[in-house]
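Colleague: All letters in the sequence shown, in the order written, are residues 31 to 122 by the working numbering.
Note that the Cβ used here is the ideal one computed from N, Cα and C, for glycine as well.
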Amino acid sequence: MANYRQLIVWQKSHRLFLELMTEVEGFPKTRAAGIVTDQLLRSSGSISANIAEGFGRRQGKEYVHYLIVARGSTTDTLWLDAEETQCRHPAK
31 MANYRQLIVW
41 QKSHRLFLEL
51 MTEVEGFPKT
61 RAAGIVTDQL
71 LRSSGSISAN
81 IAEGFGRRQG
91 KEYVHYLIVA
101 RGSTTDTLWL
111 DAEETQCRHP
121 AK
């Protein structure tokens, strides 16, 4: 594989980032929502960025390290998305 953009996992994570970039435009404009939104975009962007950086290193242990960091960013993104959803639609 010549380019990280050919990796399906990178394509999916990048698509998620682009979708979130559009979706957050409809989020509330409060200070608290802004903090969550900023972190949501940073963590989701970090997923594809770390996959790309690891691919560029092309070293076994280094590549694995960046994939582990990307997995952590995925978990962070999932948690932030759940929190943001809960804030917009609180349980009664």
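Quick check: the segment 94 to 108 against the segment 67 to 77, are there 3 or more CB pairs under 8 Å?
Modeller: Enough Cβ pairs lie closer than 8 Å, so yes.
Colleague: Ala32 lies in the alpha helix (DSSP H); which residues open and close that run?
Modeller: Neither: Ala32 is in no alpha helix (DSSP H) and is coded neither H nor E.
Colleague: Could you compute how far the alpha carbon of Leu206 sits from the alpha carbon of Gly90?
Modeller: Past the edges of the chain, shown from 31 to 122, lies residue 206, and the structure says nothing about it.
Colleague: I need the DSSP call for Gln41, collapsed to helix, strand or coil.
Modeller: helix
Colleague: Could you have a look at Arg87 and say whether DSSP puts it in helix, strand or coil?
Modeller: helix
Colleague: Of the choices Arg72, Arg88, His119, whose alpha-carbon is the least far from that of Thr105?
Modeller: Arg72
Colleague: Do Val66 and Cys117 have their C-beta atoms closer together than 9 Å?
Modeller: yes
Colleague: Going by CA-CA distance only, name the one from Leu110, Tyr93, Ile81, Leu108 that's closest to His44.
Modeller: Ile81
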